[in-house]
Amino acid sequence: MHRYKCWNGPMPTSGAQAAVTTGTTIKTMLQLATPTTRLLQIIAWGFSVDALQSGVVEMLQTDVAATVTAHTASGVQPLDPNAPPSLLTLSTTATGYTSSAEGTITGTRVFDSQQISSASPDNLSYSYQFMPDERPIVGVSKFLRVRAFFGTAVNLRTWVTWDE
């Protein structure tokens with residue numbers, strides 16, 4: 011088993027990790043697509059926002075892909091430099107970030123959901139590491155999504171760490 015991490019933007023090179031605007035409707039910020047031969051076990055996830063606005067950020071499994079900006083293999087980073095490349099499917103309807111269309115979801119499993127309050131400065135970032143016995147498993151040919159909904163757009167960075 012190998013461990014990987016992915017952010018909702020391209021792999022940073024000469025600049026910092028990019029933040030992505032949430033917009034004002036529900037939007038998939040990061041999507042991971044499992045192939046037909048591989049499950050994912052989620053280890054941890056998190057996000058940060060750049061402004062105090064009320065909203066919700068959630069991590070869930072869906073049966074339908076959003077249309078996203080496709081990740082490249084370099085954006086799906088193994089945490090061990092000797093690990094092989096991830097087997098995630100990379101395309102605009104698979105692993106990527108910043109959705110332009112959400113698709114029509116018919117089934118979900120919610121793994122975590124966080125309410126952000128504009129009145130609490132403690133809500134600017136969130137990080138959660140699942141206990142070994144509670145780690146969600148994303149099924150084959152499914153999609154793990156981190157979605158956000160804010161009434162006023164904010165910039166959001168999110169990441170997921172998983173084993174495959």
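To convert a position in the sequence shown, counted from 1, into my numbering, add 10.
The C-beta atom is built at its ideal place from N, Cα and C for all residues, glycine as well.
Only a predicted model underlies this, so the values are computations on that prediction, with no experimental measurement involved.
Residue(s) in a DSSP beta bridge with residue i
i      : result
Pro88  : Tyr14
Ala80  : Gly106
Ile52  : Trp172
Phe159 : Val66
Identity of the residue in the options nearest residue i by Cα
i      : options                          : result
Thr44  : Thr103, Gly117 and Asp90         : Thr103
Val67  : Ala29, Lys37 and Pro142          : Lys37
Met11  : Val30, Met21, Thr32 and Ile53    : Ile53
Gly161 : Gly19, Thr31, Trp55 and Thr23    : Thr31
Val148 : Leu50, Val86, Lys15 and Tyr14    : Leu50
Arg145 : Trp17, Gln87, Gln63 and Met69    : Met69
Phe159 : Ser123, Thr116, Gly19 and Gly117 : Ser123
Phe121 : Ala93, Ser101 and Phe153         : Phe153
Rounded straight-line distance, which links the Cα of residue j to that of residue i
i      : j      : result
Arg155 : Thr34  : 17 Å
Thr47  : Trp172 : 16 Å
Val59  : Ile126 : 10 Å
Arg119 : Thr72  : 7 Å
Thr99  : Met21  : 17 Å
Ala61  : Leu134 : 7 Å
Val150 : Met141 : 22 Å
Ala80  : Tyr138 : 25 Å
Gly25  : Gly85  : 14 Å
Thr77  : Leu40  : 11 Å
Ala163 : Ser101 : 26 Å
Ala29  : Arg13  : 23 Å
Glu174 : Gln87  : 12 Å
Contact check, residue i vs residue j, beta carbons under 7 Å
i      : j      : result
Pro10  : Ala83  : Shown here, the chain extends from 11 to 174; a query on residue 10 therefore has no answer.
Arg157 : Gln27  : no
Tyr136 : Gly65  : no
Asn165 : Tyr107 : no
Thr105 : Leu42  : yes
Leu89  : Lys15  : yes
Val170 : Gly113 : no
Ser128 : Gln63  : yes
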